[in-house]
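Residue numbers (the working numbering): 12 to 283.
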């Protein structure tokens with residue numbers, strides 16, 4: 012019995028351990044950038060899910076050394092994109108005040124990506140957000156939004172006031188964008204709407220083949236790509252590369268005419 016209790020205690024201690032528990036000097040031996048490891052990350056869920064959609068991503072980020080991973084939870088059926096973006100603004104400011112960091116990273120799934128993008132482009136969030144990753148976000152709207160007449164669904168339609176405002180010029184925006192989009196996304200129609208195609212934004216698009224809308228935040232390839240990307244920053248806060256860091260079987264495809272380059276995650280890449 013004593014041995015079993017000892018093993019159980021050991022497992023509990025191991026599960027609680029993350030790189031963020033180590034002093035900076037020791038953590039620096041295991042990670043390339045201690046500053047990157049401490050940068051807070053805020054997750055924003057989508058239209059039909061909640062914070063639980065990020066369980067695997069949150070776990071992976073903490074294992075990679077990120078000690079502060081926070082989720083903004085909201086009800087999209089009672090609010091619109093702009094009001095949720097204002098809540099995100101307050102959460103970011105609170106997080107920066109509590110941690111002492113001037114910058115955060117944000118990951119948004121589906122509607123959450125539009126919420127975060129509105130915050131960055133329209134509420135001054137580019138001063139706080141170093142990198143915004145969107146997963147299955149209808150940046151140019153989706154025709155699927157015509158199925159319901161709710162306020163938030165009207166904002167997701169192509170040509171809505173919200174998508175039109177996001178397409179306006181945004182000079183000198185400092186945030187870097189990475190948009191993960193799928194060729195099998197049932198909610199983003201047409202699929203290319205999941206890409207960011209804005210001349211003023213530092214945006215890269217990553218095509219994830221054969222993955223559905225709700226599977227993007229839990230796909231092993233996507234999770235590894237995000238954690239690898241956010242864990243490698245220069246000491247001055249810039250990125251090692253302007254493009255998405257390649258992991259596993261990531262092969263470049265021809266860039267869209269007049270748009271940012273697109274990378275493809277191969278179907279054959281292994282999934283943990």
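Where a beta carbon is used, it is the ideal one built from N, C-alpha and C, also for glycine.
In angstroms with no decimal places, state the Cα-to-Cα distance between residue i and residue j.
i, j, result
"residue 170", "residue 199", "14 Å"
"residue 280", "residue 202", "Confidence is the limiting factor: at residue 280 the pLDDT is only 32, short of 50, which leaves the residue's position unreliable and the question unanswerable from this model."
"residue 152", "residue 84", "22 Å"
"residue 87", "residue 58", "6 Å"
"residue 148", "residue 111", "30 Å"
"residue 67", "residue 234", "8 Å"
"residue 104", "residue 134", "12 Å"
"residue 189", "residue 108", "26 Å"
"residue 129", "residue 49", "25 Å"
"residue 98", "residue 79", "18 Å"
"residue 43", "residue 221", "Annotation note: pLDDT 45 at residue 43 (below 50); position unreliable, coordinate value reported separately. Spanning the two alpha carbons is a distance of roughly 32 Å."
"residue 116", "residue 51", "6 Å"
"residue 290", "residue 60", "One cannot answer for residue 290 here, as it falls past the ends of the chain, which runs 12 to 283."
"residue 125", "residue 77", "24 Å"
"residue 122", "residue 95", "10 Å"
"residue 161", "residue 71", "35 Å"
"residue 106", "residue 113", "9 Å"
"residue 232", "residue 217", "11 Å"
"residue 93", "residue 62", "19 Å"
By alpha-carbon positions, which one of the options ends up nearest to residue i?
i, options, result
"residue 100", "149, 159, 139 and 196", "139"
"residue 69", "208, 53 and 108", "53"
"residue 227", "132, 215 and 205", "205"
"residue 212", "183, 231 and 224", "183"
"residue 132", "106, 237, 239 and 175", "175"
"residue 215", "123, 95 and 240", "240"
"residue 118", "64, 181 and 180", "64"
"residue 136", "181, 217 and 161", "181"
On the premise that residue j lies in contact with residue i, defined as a C-beta separation below 8 Å, what is that separation, rounded to the nearest angstrom?
i, j, result
"residue 82", "residue 143", "Contact flag wrong, Cβ pair sits at about 15 Å."
"residue 192", "residue 154", "Between residue 154 and residue 192 the Cβ distance is about 16 Å, and since that is not below 8 Å, they are no contact."
"residue 209", "residue 178", "7 Å"
Tell me whether the beta-carbon of residue i lies closer than 7 Å to the beta-carbon of residue j.
i, j, result
"residue 102", "residue 120", "no"
"residue 55", "residue 156", "no"
"residue 163", "residue 230", "no"
"residue 224", "residue 196", "yes"
"residue 166", "residue 173", "yes"
"residue 207", "residue 150", "yes"
"residue 73", "residue 242", "no"
What does DSSP give as the partner residues of residue i in its beta bridges?
i, result
"residue 142", "116 and 187"
"residue 83", "55"
With a threshold of 7 Å between beta-carbons, can residue i be considered close to chain C, or not?
i, result
"residue 123", "The question asks about chain C, but that chain is absent: this structure has only one protein chain."
Comparing the CB of residue i with every heavy atom of the ligand MG, is any distance shorter than 6 Å?
i, result
"residue 74", "This structure does not include the ligand MG; it has no bound ligands of any sort."
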